[in-house]
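S.K.: Our numbering puts the first residue of the sequence shown at 40, with every later residue one more than the last.
Every residue, glycine too, gets a C-beta built ideally from N, C-alpha and C.
Values in this document were obtained by computation on a predicted structure and should not be read as measured data.
Input: one structure, supplied below.
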Amino acid sequence: MSSNDLYLSSMYGRALSPGNMSEKQFWLLAEISPIHSEKVLNSLRDFLVLGYTRREACERHEVSQGYFSGALRRFQRTHQTVNRLVPFYISAGIPYTG
Numbered sequence: 040m041s042s043n044d045l046y047l048s049s050m051y052g053r054a055l056s057p058g059n060m061s062e063k064q065f066w067l068l069a070e071i072s073p074i075h076s077e078k079v080l081n082s083l084r085d086f087l088v089l090g091y092t093r094r095e096a097c098e099r100h101e102v103s104q105g106y107f108s109g110a111l112r113r114f115q116r117t118h119q120t121v122n123r124l125v126p127f128y129i130s131a132g133i134p135y136t137g
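Rendered as structure tokens:
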């Protein structure tokens, strides 16, 4: 097993970009993420789904920008882990049924 396959690997891959995530994808990732604070989840949603700036999202939900950055990193890790799991659930020739 290479270190790139490990959750705690230092490889980050592509970053999540603001305003480019669907509402459904966000809440599915939130369901399995280590983030439980409603305020933090709402600020992440404003940033990732609605496209607010980090500053606006933090101010709207009274979340410090430092804490937001840490939460965004944890959310990014959850997203990356799901992306790495996808090949185990999709086989060549078998359509994905969700």
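Can you tell me whether DSSP reads residue 120 as helix, strand or coil?
M.R.: In this structure, residue 120 counts as helix in the three-state DSSP scheme.
S.K.: Given a cut-off of 7 Å on the beta-carbon distance, is the pair residue 118 and residue 68 in contact?
M.R.: Contact flag set, yes.
S.K.: Quick one: is residue 65 buried, meaning 16 or more other Cβ sit within 10 Å of its Cβ, or exposed?
M.R.: Flag for residue 65 reads buried.
S.K.: Look up residue 109 in the DSSP assignment and say whether it is helix, strand or coil.
M.R.: Of the three classes helix, strand and coil, the one that applies to residue 109 here is helix, per DSSP.
S.K.: Might you give, ordered along the chain, the residues of its own chain that have their beta carbon closer than 7 Å to the beta carbon of residue 113, omitting 5 neighbours on each side?
M.R.: Closer than 7 Å at the Cβ level, and outside the excluded window around residue 113, lie 72, 73 and 74.
S.K.: Have a look at residue 110 and residue 61 and give me their C-alpha separation to the nearest angstrom.
M.R.: Their Cα atoms are separated by approximately 18 Å.
S.K.: Within the 7 Å Cβ cut-off, does residue 101 reach chain B?
M.R.: Looking at the structure shown, chain B is missing, and only one protein chain is on hand.
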